[in-house]
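Read through the structure below, which is laid out as structure tokens, and then see the notes.
Residue numbers (the numbering used here): 10 to 106.
What follows is the structure, given as structure tokens:
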């Protein structure tokens with residue numbers, strides 16, 4: 010049920026963790042501004058709170074091309090491990106759909 014779904018901002022998530030996290034990093038602008046995603050401690054919180062699965066949704070090329078060495082490193086690790094994709098397939102175990 011949805012009562013187990015927790016929606017919050019990165020700033021309000023410090024000190025918490027969950028089994029599965031879907032993190033929206035959606036940004037898309039011509040000036041390649043990543044805003045608060047440039048701040049290392051916020052990125053650390055965002056990327057380190059999932060116990061079993063972390064799914065990032067966003068434009069990794071924009072993040073890595075923003076001049077942030079941290080996001081360039083994240084992109085390289087994800088590429089190396091074959092963990093970048095253009096879709097996230099979800100399936101319901103109960104309904105087999």
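Ideal Cβ positions, reconstructed from N, Cα and C, are used throughout, including at glycine.
| Query | Result |
| --- | --- |
| Please say whether residue 43 and residue 77 have beta carbons closer to each other than 8 Å? | yes |
| Starting from residue 71 and walking both ways along the alpha helix (DSSP H), at which residues does that stretch end? | 69 to 73 |
| Rounding to the nearest angstrom, what Cα-Cα distance links residue 96 and residue 64 in this structure? | 11 Å |
| I think residue 66 touches residue 93, with their Cβ atoms under 8 Å apart; what is that distance to the nearest whole Å? | In fact, because the Cβ distance is near 12 Å, the residues do not count as touching under 8 Å. |
| Which residue comes first and which comes last in the alpha helix (DSSP H) that contains residue 99? | It is not in any alpha helix (DSSP H) - residue 99 carries neither H nor E in the DSSP assignment. |
| Could you pull out every residue in the same chain whose Cβ sits closer than 7 Å to the Cβ of residue 79, ignoring the five residues on either side in sequence? | 49, 52 |
| With a CB to CB cut of under 7 Å and the five nearest residues on each side skipped, what residues in its chain are close to residue 29? | 59, 61, 62 |
| Just verifying my parser: in three-state terms, what is the DSSP assignment at residue 12? | helix |
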